Structure formats: C-alpha cells, structure tokens
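S.K.: Questions regarding the structure given below will be posed in turn.
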Amino acid sequence: MASTVRTKARSTIHEFDLIHALHQQYSRRISSVIQGIGDDAAVITSRAGQWTVLTTDLLTEGVHFDLRTATMTDIGFRAAIANLSDIAAMGATPQYLLVSLAVPRTGASRQVHQLYRGMMAACRPHRVGLIGGDTSASSGAWFLSLTLVGIVPPRKALFRSGARIGDGLYVTGTIGDSLAGLRLLNEPPPRASRHPSTAVLSTRHRQFLTGRHLRPTARVAEGQWLSTHRFATSAIDISDGLSGDLRHICEESHVGVELDLGTLPLSPACRAYAASRKLDPVDLALTGGEDYELLFTVSPRQRLRLERTALKQGFSLTYIGNIHPHRFGMQALSSHGTRHRLASRSYEHFT
Ligand code: ADP
Ligand code: MG
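Just add 5 to wherever you are in the sequence shown, counting from 1, and you've got the working numbering.
Structure below.
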C-alpha cells in the first residue's frame, strides 16, 4: 500500500520514490532472480534438489540498537551479519535478502540509505542480492526486519541437535570482544571519564573491540566448510553468549558438556579491557553475545583432519571442551583444575 510518510516539518518520504531509489541503488542483476524488487512478490529459480534455508530477524530501536551509540550504517551492517551468521551456522550459502522497515516520523530518507549501505556492505562479500521488502511509517521507533534465504546440499545442513557423546567442542575466532566493545561504546568518552583505569586501554585495543561490536564478521566460509566436509555434527552461532548458546546444543542434542575455561579464545584486546576494568575476561566470553562466531561439535575420528585442514585454510578454531552424557549436565573446568556447574547467563528479552 502506498503512503506518504510525513516526517519533520519539511521532510516527507514518499514510499514509491524511496523504494525506487532503494531498487536502483542496492539491488543488482542475479541470474537466478526472475523477478526482484518491483512486483507483488520476488521469483527465483532454485537448483534442483537443494534444500532452502530461511531465517528472519526483527530489530527494534531502543531494544536492539541505540542511535546514540551506533550509526544507521552500523545498524544495517550488524542486522545483516546477524542473519548471515544464522545461515552460516546451518552450513548453508546465503543468497537473497528481503528487508521490512518502519520509519519514524523523525526519520529521513538519508537515514534509510545509510541503513541500506550498511546492510549491503555486509552482504556484498557473500554476493547476497536484495530481492524485496516492505516499507511503512512508524508512530514511534525504527523497526527493521530482515529475511535471508540460503541453500544447502541435501543432508548437509548443520543442526543444534547432532552432538554425540565423545565429540569435541570447538569455536571459531575469539569471543567476548563484542561485549567489551559495547561496554566501551556506552562509557563516557575517555578524557571526560573519571574512571581511573580508562586510560590504561590503548587506542588500538579500543578500536579493535568497538570494531568487533559494530562490524562483526559472519563465519559463512567456515560454516560451509564444516558442512561440505561433514566435519561438524552440530553447530550454532554465538549470538546470545557462549554459555547460553552451548545450552541450546546440549538441550537439542540431549547431551552434557565439559567446557575447559582455560582454553577459551580471548583476544589480547579483550584481556587488556578486562584487566583495565578488573573483570574476568572469561566472564565476558561466557556471557557476551553478538560475537557471531560458530560453536560446533566434531566426532573424535574427524578431529585430527579438521584441525589439519583448518590450518591449511587459515581458519581459526579452538578446541574448548567435550560432549558428555546428558546426566553429566553442563560443567566448567577452571584453569586451576576445579570443576563447577556452568550457569548459562545469556540475554533474555522478557526477563
Ligand atoms: P505491495 O503493496 O505489494 O506490498 P510495495 O509497494 O510495498 O508492494 O512493494 C513494491 C516492491 O518493492 C516489491 O517488490 C517489494 O518487495 C519492494 N519493496 C518494498 N519496500 C521495500 C524495502 N524497504 N526494501 C526493499 N524492497 C522493498
Ligand atoms: Mg508493501
């Protein structure tokens, strides 16, 4: 339905003009797209026998993002990464994007373009095409919903439910960086701050951590590699925090786990941030969401081959624990060798 979205006194966004501009600037020709933006629905051809993988995410201003600490471009980028990461965690290849948007009265078309620039910057390396969406006015906040479509060869999709007793537990990259970055963004600027230890953190570490929060990476190549070689028995992306996302694997696979806290991959910047704030970096790694790294399990007979090929491919993986029977529960082994029950403390919307 067409509408003229009346925003500030003199700025009005006309829906059709906006959609036309978005189409011109952000969608591109893809041979498998019969009809992209411009009709009642998009039409695509699918490769025979492939499985289709679908994911959608809704982001609300004030709940998922804050325009005081992130630009529209950052928000668009992160929104796309969250969806790309979900497709990556299934071992699939992302292909098409649909975007639904509600723009507040104070919103400007310049901001919408910034949002799309961010989304497309995240999608471009994966050759994901924008094929549709919907646009509305909002009486309050910004709302942004992304739907991503991908494909995976039959029986190669990675599920949370595939972990088996004896499997090794692995994670890509480093974890805890995004939470540290978010906290830095929410702190008063270093000079104005009275925080005695703020100055301890170097600009380089600060930039690394805020960059990891604002411009995360979706591990698409790693996910495809894990599925193609049938290395992973189960997988999930770390969007809510290691302990919470690990719980999902345990529950869906009906297994227990021993997590070796001494082996968690922490970046030098995350360690430096934790030291400067007198925090335990392991806590940041366990609870910090939005790292968008992959957490996955590998059968004992595949582990050597996995680690060898990862080295050759230049993928960064860390072995962080083992899968146990369900009755074992979730346990953490500390670096001092003591064992305790692993509490899962992750982000919950309604608590
Ligand atoms: P309808 O009235 O059928 O919902 P629209 O005028 O909303 O049609 O949409 C026209 C075309 O523009 C469709 O192809 C739709 O997918 C696309 N579209 C609408 N809004 C957006 C958006 N925010 N981003 C990308 N494509 C959009
Ligand atoms: Mg519409």
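Here a beta-carbon is modelled for each residue, glycine too, at the ideal position from N, C-alpha and C. Note that this is a predicted model, so its numbers are computed, not measured.
What residues in its chain sit with their C-beta under 6 Å from that of glutamine 116, if we drop five residues either side in the sequence?
M.R.: Counting from one through the sequence shown, the residue named residue 116 turns up at place 111. Answer for glutamine 116: Met77, listed in chain order.
S.K.: With H, G and I counted as helix, E and B as strand and the rest as coil, what does DSSP make of aspartate 79?
M.R.: Against the sequence shown, residue 79 aligns to sequence position 74. If DSSP states are grouped into helix, strand and coil, aspartate 79 belongs with the helices.
S.K.: For valine 104, collect the residues of the same chain with a Cβ closer than 6 Å to its Cβ; drop the 5 residues on either side in sequence, then sort them by chain order.
M.R.: As a first step, residue 104 must be located in the sequence shown, where it is residue number 99. Hits under 6 Å: Gly138 and Leu151.
S.K.: For threonine 233, which residues from the same chain have a beta carbon less than 6 Å from its beta carbon, with the 5 sequence-adjacent residues on both sides left out?
M.R.: To locate residue 233, count along the sequence shown from 1; it is residue 228. Closer than 6 Å at Cβ, skipping near neighbours: no residue.
S.K.: Taking the CB atoms as reference points, tell me whether aspartate 91 and threonine 60 lie closer together than 7 Å.
M.R.: Stepping through the sequence shown from its first residue, residue 91 is reached at position 86. Stepping through the sequence shown from its first residue, residue 60 is reached at position 55. Yes; because the gap between Cβ atoms is below 7 Å, this pair is in contact.
S.K.: On the DSSP bridge list, what partners appear for isoleucine 156?
M.R.: Within the sequence shown, residue 156 is the residue found at index 151, counting from 1. Looking at the DSSP assignment, isoleucine 156 forms a beta bridge with Thr57 and Thr98.
S.K.: Fully enclosed by the region 315 to 354, which beta strand (DSSP E) runs are 3 residues long or longer?
M.R.: Segments of the beta strand (DSSP E) lying fully in the region 315 to 354: 322 to 329, 335 to 338 and 344 to 346.
S.K.: Could you check the C-alpha separation between glycine 167 and threonine 302 for me, to the nearest Å?
M.R.: In the sequence shown, the residue the question calls residue 167 occupies position 162. In the sequence shown, the residue the question calls residue 302 occupies position 297. Glycine 167 and threonine 302: Cα-Cα distance of roughly 8 Å.
S.K.: I think glycine 246 touches histidine 331, with their Cβ atoms under 8 Å apart; what is that distance to the nearest whole Å?
M.R.: Start at 1 with the first residue of the sequence shown, and residue 246 comes out as number 241. Start at 1 with the first residue of the sequence shown, and residue 331 comes out as number 326. Incorrect: roughly 22 Å between the Cβ atoms, too far for contact.
S.K.: Just curious, the alpha helix (DSSP H) that leucine 184 is in, first and last residue?
M.R.: Start at 1 with the first residue of the sequence shown, and residue 184 comes out as number 179. That run of the alpha helix (DSSP H) goes 182 to 191.
S.K.: Using the rule of at least 16 other Cβ atoms within 10 Å of the residue's Cβ for burial, across every protein chain shown, is histidine 218 buried or exposed?
M.R.: Taking the sequence shown and counting its residues from 1, the one referred to as residue 218 is at position 213. Per the 10 Å Cβ criterion, buried.
S.K.: Measure from the alpha carbon of proline 193 to the alpha carbon of each residue in Asp22, Ala162, Val38 and Thr74, then state which is nearest.
M.R.: One-based indexing of the sequence shown puts residue 193 at position 188. Checked all of Asp22, Ala162, Val38 and Thr74; the closest Cα to proline 193 is Thr74.
S.K.: Can valine 48 and glutamine 55 be called in contact, C-beta distance under 7 Å?
M.R.: As a working mapping, residue 48 is identified with position 43 in the sequence shown. As a working mapping, residue 55 is identified with position 50 in the sequence shown. Result no, Cβ atoms of valine 48 and glutamine 55 do not sit closer than 7 Å.
S.K.: Verify the contact flag: aspartate 139, CB atom, against every heavy atom of ligand 3, threshold strictly below 6 Å.
M.R.: In terms of ligand content, the structure shown lacks ligand 3 and carries ligand 1 and ligand 2 instead.
S.K.: Out of His329, Pro159, Arg220 and Ala146, state which residue places its alpha-carbon closest to the alpha-carbon of leucine 64.
M.R.: If you number the sequence shown from 1, residue 64 lands on position 59. Ranking His329, Pro159, Arg220 and Ala146 by Cα distance to leucine 64 puts Ala146 first.
S.K.: I'd like the span of the beta strand (DSSP E) that includes glycine 173, first residue to last.
M.R.: Stepping through the sequence shown from its first residue, residue 173 is reached at position 168. Here the beta strand (DSSP E) through glycine 173 covers 173 to 177.
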